[in-house]
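Chains as they are written, first to last, in my numbering: chain A, 2 to 350; chain B, 1373 to 1684. Below is one structure, written out as structure tokens, with a few remarks after it.
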């Protein structure tokens, strides 16, 4: 789908991309990097809008340096920033954008109606976009990227500014773009956690260099860690410590990172979930101790943690096959099941 | 996970024989691929031109945005209609106002129209950052700039040529000489064209410099009127000193007087420079023509440069 070969982009002061070589296969691929890691530069080059200093790339078999126009006809792009004029309706705007992609007027109208329906905009599509919520705006932005039925869409931070529910909906929509529409997706984010639920593959870049490219399953394998928070009771004034001791006794490895002084993590216990039975063990141990389980969730990965695991080495071999197979959704479901009154799954960062 | 919310819909009817489907089940026909024509760059450029031209008159936009262009359009045409009425009723032998002259006289109105429309053509795209969406599509920078330039020039041309057309129809109604009037009208259209292209370039170059529409409007009015008034004042002073060639040279300094001088020399008109008839000399005439071409090419180049950085 995309082949990038020792791609280098230097600006007068900074090197945005440094001999980046990576292949991207059909499916949903996440492109992760901190701000300034070179994600946007890469997208610009892939759209044929910015010449590479060295190296090259092909998108859908077309060369980015020579066939930019042909690439842009077959690729959709959703920018990170706001890009919607407030005084026109979503329908008018998307029709116009479809025509800009070369669709004849009637086809543009039909495709617009279809696409807006698919992204979940109904009656409101006739209203001026100035009055839309952030979630609706993101949907229109996605629709304009899909309206000409591209082979590939490049989505730049599509979940930016969305609340947790909107974020989940957007991620589900992105997943559907591939499964239902048959369009490959390259989606950027600085949150690895949200990409691992959506993507088949994840590419991590930092400082313009490739840090890591692997399938999402490999990522979950490397950090099968559970964050557990419990209440204190009269019998166990320090519930966290009591649970830790009991879990270690049960043969699990558990640490309280709060001891190391991380703010806000005082009552969190990190448990290495080497296989699925670890979830049961934690649950049973908590019940035995008579503690209240505030939350139990698969630790959400932040980009920084990938950097830690990579520099810390070895950690990636910790898990076995069974843990890798555990779907990412399971801990969240546990969470909801056990503690409906707390709404503990809300901390989506 | 709230994924694939529609995935279950077809199941609702799956167990029933055909013809006995559930009454209120919405059938999701799913995603359809587009197999039709993709018309490419040229078509996209033409579409952008059409959209921008219509947009200049508020067509395809909110009712509010139609008000100003339509009022100005009326203001531009009504005096022409009055001129026609006077000519017809007084049975005059010729029009009190020539085709070229009318455009020059009505410059303030045209100026307001340009100042209102040029920022709407480019500033909104910049301000709301729609430009990257254009450049993520097959069109190139030159297509975008070219389409916007052509659209504004066409909008100004329609604005000015319509009144020329009213004058022409009126002249024929008044049974003035057909040959003379047709020639005058044709030259008048050329004058409108030069005026439109020149002013569109200047206005767009100014408007594209700022994403703020208000600044754009003010800046364009300033660029079009202040030099023009200065030139007029200076010409009047110089003319009172009997320094004829200087009047012509001064006319180069504003877009309005530039077109005025051009049309007087090349399009068979009379310029309205203070001090009256003495025509431009040959050297002056070529300076006028050269400067006009330079301004048109220069503003276009400036626009291309402006959008080099604006993509994504």
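The C-beta atom is built at its ideal place from N, Cα and C for all residues, glycine as well.
**Request:** Indicate whether the contact test is met: 3 or more Cβ pairs, each with one atom in the stretch 109-128 of chain A and one in the stretch 13-20 of chain A, closer than 8 Å.
**Result:** no
**Prompt:** Is the beta carbon of residue 1439 of chain B sitting closer than 9 Å to the one on residue 1430 of chain B?
**Reply:** yes
**Prompt:** Would you say residue 1488 of chain B and residue 1589 of chain B are within 9 Å of each other, going by their C-beta atoms?
**Reply:** yes
**Beta-carbon proximity list for residue 98 of chain A, same chain, < 7 Å, skipping 5 on both sides** = The residues are 145 and 148.
**Asked** Where residue 1466 of chain B and residue 1632 of chain B are concerned, what is the direct C-alpha to C-alpha distance, given to the nearest angstrom?
**Response** Taking the straight line from one Cα to the other gives about 21 Å.
**Item:** Secondary structure of residue 1448 of chain B, DSSP reduced to three states
**Value:** helix
**Asked** Relative to the alpha-carbon of residue 1530 of chain B, which residue among B/1518, B/1539 and B/1564 has its alpha-carbon at the smallest distance?
**Response** Measuring from the Cα of residue 1530 of chain B, the nearest candidate turns out to be B/1564.
**Message:** Buried or exposed for residue 12 of chain A, going by 16 or more other Cβ atoms inside 10 Å?
**Reply:** exposed
**Message:** I believe residue 1486 of chain B touches residue 1592 of chain B by the beta-carbon criterion, under 8 Å. Please report the beta-carbon distance rounded to the nearest angstrom.
**Reply:** 6 Å
**Given 8 Å, three or more beta-carbon pairs between the stretch 1404-1422 of chain B and the stretch 1514-1521 of chain B** = Verdict: yes, contact present.
**Message:** Tell me the rounded alpha-carbon separation between residue 273 of chain A and residue 192 of chain A.
**Reply:** 22 Å
**Message:** DSSP has residue 214 of chain A in a bridge; who is on the other side?
**Reply:** A/204
**Message:** Under 8 Å, with one C-beta from each stretch per pair, do the stretch 1497-1504 of chain B and the stretch 76-90 of chain A reach the 3-pair mark?
**Reply:** Contact holds between the stretch 1497-1504 of chain B and the stretch 76-90 of chain A, because three or more Cβ pairs, one in each stretch, are under 8 Å apart.
**Asked** Which residues in chain A sit within 9 Å of residue 1416 of chain B, going by Cβ to Cβ distance?
**Response** Residues of chain A passing the Cβ test: 100, 101, 102 and 103.
**Asked** My guess is that residue 410 of chain A and residue 188 of chain A are in contact by the Cβ rule of under 8 Å, so how many angstroms apart are they, rounded?
**Response** An answer regarding residue 410 of chain A cannot be provided, because it is not within the stretch 2 to 350 covered by chain A.
**Message:** According to DSSP, is residue 55 of chain A part of a helix, a strand, or is it coil?
**Reply:** strand
**Message:** If you reduce the DSSP assignment to three classes, tell me which class residue 1668 of chain B lands in.
**Reply:** helix
**Cβ of residue 93 of chain A within 9 Å of any chain B Cβ** = yes
**Item:** Neighbour flag for residue 28 of chain A against chain B, beta carbons, 9 Å
**Value:** no
**Prompt:** Apart from the five residues just before and just after residue 1656 of chain B, which ones in its own chain have a Cβ nearer than 7 Å to its Cβ?
**Reply:** 1620 and 1621
**Prompt:** So with Cβ pairs under 9 Å, would you call residue 280 of chain A a contact of chain B?
**Reply:** Contacts with chain B at 9 Å (Cβ-Cβ) do not include residue 280 of chain A.
**Prompt:** With 9 Å set as the bound, which would you pick, yes or no: does the beta-carbon of residue 1445 of chain B sit closer than that to a beta-carbon of chain A?
**Reply:** Output row for residue 1445 of chain B: interface = no.
**Message:** Within a Cβ cutoff of 7 Å, which residues of the same chain sit near residue 139 of chain A, ignoring the five residues on either side of it in sequence?
**Reply:** Counting only Cβ-Cβ distances below 7 Å, and skipping sequence neighbours, we find 159, 163 and 171.
**Prompt:** Quick one: what does DSSP say residue 184 of chain A is sitting in, helix, strand or coil?
**Reply:** coil
**Request:** Verify the CB distance criterion: does residue 76 of chain A have a CB-CB separation below 9 Å to chain B?
**Result:** Cβ-Cβ to chain B under 9 Å: yes for residue 76 of chain A.
**Prompt:** Does residue 200 of chain A have its Cβ less than 9 Å from a Cβ in chain C?
**Reply:** The structure shown contains no chain C; its protein chains are A and B.
**6 Å Cβ shell around residue 1437 of chain B - same chain, five flanking residues per side excluded** = Same-chain partners within the cutoff: 1430.
**Message:** At 4 residues or longer, what runs of the alpha helix (DSSP H) sit wholly inside the stretch 1525-1550 of chain B?
**Reply:** none
**Message:** Please identify, using Cβ separations under 9 Å, the residues of the stretch 1471-1504 of chain B that lie next to chain A, in order along the chain.
**Reply:** 1496, 1497, 1499, 1500, 1501, 1502, 1503 and 1504
**Asked** If you count every other CB in all the chains shown that lies within 10 Å of the CB of residue 288 of chain A, and 16 or more means buried, which is it?
**Response** exposed
**Asked** According to DSSP, is residue 6 of chain A helix, strand or coil?
**Response** strand
**Request:** Mind checking the stretch 108-119 of chain A against chain B and listing, in chain order, the residues whose C-beta falls within less than 8 Å of any C-beta there?
**Result:** 108, 112, 115 and 119
**Message:** For residue 1585 of chain B, would you say it is in contact with chain A, using Cβ-to-Cβ distances shorter than 9 Å as the test?
**Reply:** no
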